[in-house]
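The structure under discussion appears below in the form of structure tokens.
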Amino acid sequence: MDPTHDSVAQERRLLGARLREVRTMAGLNGRQFAHAIGWDSSKVSRYENGHQVPSETDVRRWCSVVDGSELLMIDLIAAVRNVVAAQREQRHRGRAGAASAAVVAARLARIDEDLYTGRLTDDDLTEALRHAGLHQIALAFERARASCSEAATPADQHRGGTR
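In UniProt numbering, the protein residues as written are 1 to 163.
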């Protein structure tokens with residue numbers, strides 16, 4: 001799993017734990033709190049378990065029900081903003097990664113098509129892989145080709161190399 005995903009999930013869980021702590025310090029269980037705030041208890045649970053990030057408005061309501069201080073509310077809203085920013089950054093990186101993967105896949109598909117139609121020689125394939133930004137794969141291909149050449153029998157070499 002992506003380390004960024006893990007850290008964002010951890011931030012959500014920490015925020016949820018703080019919300020739960022505030023609620024329990026106010027002497028309310030989950031159902032009592034949900035009734036007092038006018039929400040379904042599942043919404044409270046999603047926030048407290050880090051499955052969903054509350055809106056700033058929800059944090060303000062949360063603090064008003066538990067008689068939280070202005071300072072607590074400001075601190076919790078800052079935590080919400082940090083989680084939201086981390087999620088946004090994670091999505092941005094995911095889209096950029098998906099776009100690069102799509103470009104590489106398209107390049108490989110083109111190389112694959114040329115291979116099946118017999119238009120590429122070994123050197124062409126190596127160069128195409130390098131051009132596609134896959135230098136490590138090209139090196140692996142060269143090593144494999146060299147390994148096959150070394151393992152070729154004298155009869156294979158007489159016929160013009162390995163197949």
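Backbone N, C-alpha and C define an ideal beta-carbon position, used for all residues, glycine too.
Checklist line | Reduced DSSP secondary structure (H/G/I, E/B, other) of W39 | finding: coil
Margin query: What does the Cβ neighbour count give for residue 185, buried or exposed, with the cut at 16 atoms within 10 Å?
Written below: Only positions 1 to 163 of the chain appear in the structure, and residue 185 is not among them; the question remains open.
Check: Under the three-state reduction of DSSP, which class applies to G30: helix, strand or coil?
Finding: helix
Check: Using 8 angstroms as the threshold, is the stretch 64 to 75 in touch with the stretch 21 to 29, meaning 3 or more CB pairs across them?
Finding: yes
Notebook entry, point to check: Smallest Cα separation from S45: which of E21, S7, A85, Q90?
Noted result: E21
Next item on the list: Taking only the alpha-carbon atoms, compute the straight-line gap between A85 and R12 and give it to the nearest angstrom.
Entry: 12 angstroms
Notebook entry, point to check: Taking Cβ positions, are V59 and V80 nearer each other than 8 angstroms?
Noted result: yes
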